[in-house]
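Colleague:
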Amino acid sequence: MSNYKILKKNSQIPLFILVLFIGFFSSLTYWIGINQGQVLSPESDQNKWTSINVVLDNLLNNYVDSLDSYELSEKSINNILKDLDPHSSFIPAKNRLSVNESLVGHFGGIGIRFMIYNDTLTIVDVIEGGPSKLAGLKKRDRIIKIEGENFAGVGIKNEDVLKRLKGEIGSEVNIAVLNPNNEIVKHRLIRGSIPLKSISASTIIKNNIGYIKLSSFSNSSDLEFKNAIIELKNQGMEKLIFDLRFNGGGYLHQAINISDEFLKKNQLIVYTEGAHSKKRSFYSRSKGLFEDGELIILVNSSTASASEIVSGAIQDNSRGKILGRRTFGKGLVQQPLILPDSSELRITTSRYYTPSGKCIQKPYGENIDYDNDILERIESGELTQNDSILDKSIFKGGILPDVYSPIDTLGYTEAINNIIYTRNWRDFCFSYFEKFPNPKTLDIKDYYDNFKVEIKELEKYFGENGEKISSYTPKEISDLKWSLVVELSSYYYSDQSRYILNTFRDSDVKKAIEEMSN
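The opening residue of the sequence shown carries number 1334 in my numbering; numbering runs sequentially from there.
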């Protein structure tokens, strides 16, 4: 009985949240209806919502078994949303900060990139200007104690590390570090604001051709992008390959700001409109940093949302070329609402349209397998054959490229994938780095051209795993070497280097360079 009373008492909070959530929709509909001259029946509508409240209240108070009120509220909200559209969503309070972290652009932490190596928290990179860098921590240091407690052993997970080292900016954390000289050094660190960079790579890849890879549209993306453009122009960039592949989107205003850097003043970038949202048009407002240079944007089937806004603006304004494969097709705009328990509701309020008036949202609804769209693209041959996307009689959504580039089918074999995507291989790569910590060059292109993998180390790896290197084809061995070279580059230099290295072998990048050379 006592457990039931506690549950009943606690249930009032989430029930109130749900009532407020329902009331939000009810009042929003009524208010907009009046402004549009529609006649609604507030009493009738209110009765419908009251019925839902009564059902929930009775379930919590009278059901034969005890119910988790938070779980019931979450399920109720998700059930309301699931049949509306694919992108309206509910984020529980416990997940909201982590979900939004990449969009906010920073978090409180000590400024390291790490891995669990031999059951020990091992530093693989130290962020410039962060607390760890200022304290003198270095690559290959092991953190063995946190707040006086041993922090090593079988079963340690990345989540455990994040839980202990991330925290409020300005708070302190005490650690003990074992360095490569087997010395134990204690550090008292003050957590700082650690940036989450949205630009994965920025470099000159050939002569006067620059390359920028943007992974998301976060709060800091426009500033990062401006700084990258300025730096590359100072290095002689006249043409730009802007890589938006695998960029799932982010903030609308960031897409607008970045598009503005390519367009002349007063050109339409995008407009949004919905049944309850007035049409809003967004134009370029100021002189951009890269209005005239040759521009190619790389896209693929994972290029979505804000990335498609930029691609559509560039394409419709004839500012540059889109190269790759048809984009994802997310043309719906979500509005966030923070609920009283700090959970977040994201409801679709409008659609966005490219300057030519095209909504690129791909079809959804009954009898449409929205989540398995990529499988349909594979089976139809769309990713490998240009003519598969030329039938415009059927609307499929997304931005169609100006220059089609098929997916690279000469990738790793299944046997190699089964090796390189394992912790065992990652541990081998790091052990190689520890054995050979000096890359002998500071130039990434020189590293690409001249770095040689010690074949004996690969033979040893296979021997320890009960295999022989001779059982693999020359191409597979070459692919393994390449995987090792790329992984090592992130240890020798920075995480950005792996993206730069991959541009040297990237078929889409090669095709973009050819387009710019013609």
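A virtual CB, placed ideally from N, CA and C, is assigned to each residue, including glycine.
Quick caveat, the model's predicted, so the values are computed rather than measured.
What does Gly-1525 pair with, by DSSP beta-bridge criteria?
Modeller: Note: Gly-1525 sits in a beta bridge opposite Gly-1442.
Colleague: Can you check DSSP and say which residues form a bridge with His-1520?
Modeller: Ile-1508
Colleague: What did DSSP end up calling Ser-1431 once you bin it into helix, strand or coil?
Modeller: helix
Colleague: Since Ala-1561 and Tyr-1832 are thought to touch, with beta carbons under 8 Å apart, how far apart are those beta carbons, to the nearest angstrom?
Modeller: With a Cβ gap of about 13 Å, Ala-1561 and Tyr-1832 do not count as contacting.
Colleague: Are the segment 1430 to 1447 and the segment 1688 to 1707 touching, with three or more C-beta to C-beta distances below 8 Å?
Modeller: no
Colleague: Nearest-angstrom Cα distance between Lys-1559 and Ser-1592?
Modeller: 11 Å
Colleague: Since Leu-1716 and Pro-1739 should fall inside the 8 Å C-beta cutoff, what is the C-beta to C-beta distance between them, to a whole number of angstroms?
Modeller: Correct: roughly 7 Å between the Cβ atoms.
Colleague: Compute the beta-carbon to beta-carbon distance between Gly-1582 and Thr-1660, rounded to the nearest angstrom, for a pair I have assumed lies under 8 Å.
Modeller: That pair is no contact at about 11 Å.
Colleague: Just reading off the alpha helix (DSSP H) that Glu-1677 is part of, what are its end residues?
Modeller: Glu-1677 -> not in any alpha helix (DSSP H); beta strand (DSSP E) instead, spanning 1677 to 1686.
Colleague: Please state the DSSP three-state secondary structure of Ile-1413.
Modeller: Assignment of Ile-1413 by DSSP, reduced to helix, strand and coil, places it in the helix class.
Colleague: In whole angstroms, what is the alpha-carbon distance linking Asn-1599 and His-1520?
Modeller: 54 Å
Colleague: Under 8 Å, do Phe-1447 and Ser-1676 count as touching if we go by C-beta distance?
Modeller: Against a cut-off of 8 Å, the Cβ pair of Ser-1676 and Phe-1447 comes out as no contact.
Colleague: Is the distance from the Cβ of Ser-1638 to the Cβ of Lys-1663 below 8 Å?
Modeller: yes
Colleague: Between Pro-1772, Val-1457, Tyr-1396, Lys-1471, which lies nearest to Phe-1763 when the distance is taken from Cα to Cα?
Modeller: That would be Val-1457, whose Cα lies nearest to the Cα of Phe-1763.
Colleague: According to DSSP, is Pro-1669 part of a helix, a strand, or is it coil?
Modeller: strand
Colleague: Going by other Cβ atoms of all chains shown within 10 Å of its Cβ, with 16 needed for buried, is Leu-1775 buried or exposed?
Modeller: exposed
Colleague: Tell me which residue opens and which closes the beta strand (DSSP E) that Lys-1793 is part of.
Modeller: From DSSP, Lys-1793 is part of no beta strand (DSSP E) but of the alpha helix (DSSP H) over 1788 to 1797.
Colleague: Just to confirm before moving on: does the CB-CB distance between Lys-1465 and Ile-1489 stay below 8 Å?
Modeller: Just to set this straight, residue 1465 is Ser in the shown sequence, not Lys. It is not a contact, given that the beta carbons lie outside the stated cut-off.
Colleague: Does the distance from the C-beta atom of Leu-1498 to that of Ile-1460 stay below 8 Å?
Modeller: no
Colleague: Report the three-state DSSP secondary structure of Ser-1422 (helix, strand or coil).
Modeller: strand
Colleague: In whole angstroms, what is the alpha-carbon distance linking Leu-1286 and Glu-1790?
Modeller: Since the first residue shown for the chain is 1334 and the last is 1851, residue 1286 is missing from the structure and cannot be characterised.
Colleague: Determine the direct distance from the alpha carbon of Gln-1829 to that of Glu-1557, and round the result to whole angstroms.
Modeller: 14 Å
Colleague: Can you pull the DSSP bridge partners for Ile-1701?
Modeller: According to DSSP, Ile-1701 bridges with nothing at all.
Colleague: Is it right to say Gln-1568 is buried, meaning 16 or more other beta carbons lie within 10 angstroms of its own, or is it exposed?
Modeller: exposed
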